[in-house]
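**Student:** Take this structure first; my questions come after.
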Amino acid sequence: MLQTRFRFPPRTLCRSIGRRVRGGAAVFAIGGLTALSPSRGGAQSVALAARASVVAPLTVSPYWSLDFRTVTRNRRNTVPYNDVWSGAFSVSGLSGAQVAVSFALPTTLDRLGGGGAMPIGLWTGCHSATNSSGAGCATFTPSATAINLTLAGGTRFFFVGASVTPANSLPNGSYVGTITLQATYTGN
Amino acid sequence: MIKKLMMGAAVLVAATTAQAQTGTVNVSASVVTPITFTNVRDLTFTNVFPGQAARVVAASDAGSGGIRINGLTNAQVAVSAGTMSSTLTCASCTGTGPNSLTLNVDGAARINNASAAPTGAGSSAFTLATSASNTNLNASGQLWLYIGGSVAAAANQQAGAYTGSISLNVSYTGN
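Note that the protein sequences, when read in sequence, are chains A and B. Note that our numbering numbers the first sequence so that position 48 is 1526, with each residue one more than the last. Note that our numbering numbers the second sequence so that position 57 is 96, with each residue one more than the last.
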């Protein structure tokens, strides 16, 4: 008797195959593809470039001292801002930037070694894009109140004058003080 | 003998036919236009003054960073930032002060689904954060995104050009 080697799949196997078919996910006919609406995901990353330009700090350079030389007692001795003996500074920084400039000014010149103080005041000044206190130098009154100005060309020159009135009783000697210019970018 | 063989063969054929079973399995695949990016412009901070208040660039400003997101027509995407701050560094600066800046990303971004402009027709506000916010690409599969931020330089910051980047993540939501 010829015995076959082919048998029907067992009942349990048939049932499990059927479950897998019924439980199948996204459906396509075999041999075709259909684009679906995009599934969640497909994440992509990108680096957006950023740049910053940091400006060099301001440079304040004092280069001339305000020098009254020999003064006369009981008289007002004045060095104008546009005198060759006036004090001078330069401020350098970003060309075209706005800066705020202010001064810390002495009220007296003090005698070296002590023993006397000479009042100083009546401050005058001008500022210019060139190293000249002549024509075109814009006048201003130096004080602790800042003035805003533009660094056209990147550098500005400041010239400072004042007056001293030594009292008759003031002893002989050398009298000194300090003028401080402070400049800061305004951010404009 | 032949008859027996034929009978056996007939039995064999009958058995094969009777035992044939068919079944189908499903095949699935999805084709999705990949998300790509086109750079519009860098986020740029000009003239950062040392020791001054932070330099701020809003998303609507000319210096804001811009990027175009490209993908599937009208698809919804989730957009997020990797972090809301990054570091800009200066490779060529010299001096004794710091040579890195912290860039704080502004969450008040701008998007435009009509044109490459942070303001005007088609533009709107968009919240950028490390958690994703959803928006839609336009009918051409495009969306423009503009980002601002701020940097502050220390009083002794080394002067020069600083560079860095902001990380952005974009993915389809499936909607």
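C-beta atoms are modelled at their ideal positions from N, C-alpha and C, and glycine is treated no differently. Just so you know, these numbers come straight off a predicted model, no measurement behind them.
1. Could you tell me whether the Cβ of Q1522/A comes closer than 7 Å to any Cβ of chain B?
2. Which same chain residues end up closer than 8 Å to V1547/A when comparing Cβ atoms and leaving out the 5 residues on each side of it in sequence?
3. Using DSSP with H/G/I as helix, E/B as strand and the rest coil, what is A1630/A?
4. Give the interface partners of F76/B over in chain A, defined as CB-CB distance under 8 Å, in chain order.
5. Taking C-alpha atoms, which residue in W183/B, I205/B, A168/B and T135/B lies nearest to R149/B?
6. Please confirm whether V1579/A and N86/B have their CB atoms less than 7 Å apart.
7. DSSP three-state call for Q58/B: helix, strand or coil?
8. Using the C-alpha atoms, what's the distance from I106/B back to A130/B?
9. If I follow the unbroken beta strand (DSSP E) through C1604/A, where does it start and stop?
10. Answer with yes or no whether the minimum CB distance from L167/B to chain A is below 7 Å.
11. I'd like to know whether the C-beta of V1533/A is nearer than 7 Å to at least one C-beta of chain B.
12. Counting contacts by CB-CB distance shorter than 7 Å, is L182/B in contact with chain A?
13. Verify whether the separation of the beta carbon atoms of Y1541/A and A1566/A is less than 7 Å.
14. What is the DSSP secondary structure of R1498/A, reduced to helix, strand or coil?
15. Which one of S1652/A, S1531/A and A1525/A has the shortest CA to CA distance from A191/B?
16. Might you give, ordered along the chain, the residues of its own chain that have their beta carbon closer than 6 Å to the beta carbon of H1605/A, omitting 5 neighbours on each side?
17. By DSSP, does D1588/A sit in helix, in strand, or in coil?
18. What do you reckon, are the CB atoms on S125/B and N208/B nearer than 7 Å?
19. Would you say I150/B faces chain A, with C-beta separation under 7 Å as the test?
20. CB-CB under 8 Å to A153/B, same chain, minus the five flanking residues each way: which ones, in chain order?
21. Bridge partners for N78/B per DSSP, in chain order?
22. For Y1653/A versus L1587/A, is the C-beta distance shorter than 7 Å?
23. Less than 6 Å between C-beta atoms, sequence neighbours within five positions excluded: which residues of the same chain meet that for G102/B?
24. For a cutoff of 7 Å on Cβ pairs, would you count A1578/A as touching chain B?
**Tutor:** Inspection of the coordinates gives the following:
1. Position 44 of the first sequence holds residue 1522/A. Judged by the 7 Å Cβ criterion, Q1522/A is in contact with chain B.
2. In the first sequence, residue 1547/A corresponds to position 69, counting from 1. In the sequence as displayed, the identity of residue 1547/A is Arg instead of Val. Here the set comprises W1563.
3. Taking the first sequence and counting its residues from 1, the one referred to as residue 1630/A is at position 152. Three-state DSSP puts A1630/A in a helix.
4. Locating residue 76/B in the second sequence gives position 37, counting from the first residue. Identification of chain A residues near F76/B by a Cβ-Cβ cut-off of 8 Å yields Q1522 and V1524, ordered along the chain.
5. Here residue 149/B corresponds to residue number 110 of the second sequence, with the count starting at 1. Taking only the C-alpha atoms, the option nearest R149/B is W183/B.
6. Position 101 of the first sequence, counted from the first residue, corresponds to residue 1579/A. Position 47 of the second sequence, counted from the first residue, corresponds to residue 86/B. No, these two residues do not count as a Cβ contact at 7 Å.
7. For the purposes of this step, residue 58/B is identified with residue 19 of the second sequence, where counting begins at 1. Here Q58/B sits in helix by DSSP.
8. By one-based count along the second sequence, residue 130/B stands at place 91. By one-based count along the second sequence, residue 106/B stands at place 67. Cα to Cα, A130/B sits roughly 25 Å from I106/B.
9. As a working note, residue 1604/A is residue 126 in the first sequence. Element bounds for C1604/A: A1595 to S1606.
10. Numbered from 1 along the second sequence, position 128 holds the residue referred to as residue 167/B. Output row for L167/B: interface = no.
11. Taking the first residue of the first sequence as 1, we reach residue 1533/A at position 55. With 7 Å as the cut-off, V1533/A counts as an interface residue toward chain B.
12. Along the second sequence, read from residue 1 onward, the residue named residue 182/B stands at position 143. Chain A, which has no Cβ nearer than 7 Å to the Cβ of L182/B, makes this no.
13. Residue 1541/A sits at position 63 when you count from the first residue of the first sequence. Residue 1566/A sits at position 88 when you count from the first residue of the first sequence. Against a cut-off of 7 Å, the Cβ pair of A1566/A and Y1541/A comes out as a contact.
14. Sequence index remark: in the first sequence, residue 1498/A carries index 20 (1-based). In this prediction, R1498/A scores a pLDDT of 33, lower than 50, which makes its location untrustworthy; the coordinate-derived value is nonetheless stated afterwards. Helix.
15. Position 152 of the second sequence, counting from 1, holds the residue named residue 191/B. Among S1652/A, S1531/A and A1525/A, the Cα nearest to that of A191/B is on S1531/A.
16. Locating residue 1605/A in the first sequence gives position 127, where the first residue counts as 1. If we look at H1605/A and ignore the five residues flanking it on each side, its Cβ neighbours are A1616, R1634 and F1636.
17. Counting from one through the first sequence, the residue named residue 1588/A turns up at place 110. It is a strand residue.
18. Indexing the second sequence from 1 puts residue 125/B at position 86. Indexing the second sequence from 1 puts residue 208/B at position 169. Against a cut-off of 7 Å, the Cβ pair of N208/B and S125/B comes out as no contact.
19. In the second sequence, residue 150/B corresponds to position 111, counting from 1. Not one chain A Cβ lies under 7 Å of I150/B.
20. Walking along the second sequence from the start, residue 153/B turns up at place 114. So the list reads A160, G161, S162 and N177, once near-sequence residues are dropped.
21. Position 39 of the second sequence, counted from the start, is the residue given in the question as residue 78/B. Answer by DSSP bridge pairing, in chain order: I106/B.
22. Residue mapping note: residue 1653/A aligns to position 175 of the first sequence, counting from 1. Residue mapping note: residue 1587/A aligns to position 109 of the first sequence, counting from 1. For Y1653/A and L1587/A, yes; Cβs fall inside 7 Å.
23. As a position in the second sequence, residue 102/B is number 63, starting the count at 1. Here the set comprises T83 and V96.
24. For this step, residue 1578/A is matched to residue 100 along the first sequence. Not one chain B Cβ lies under 7 Å of A1578/A.
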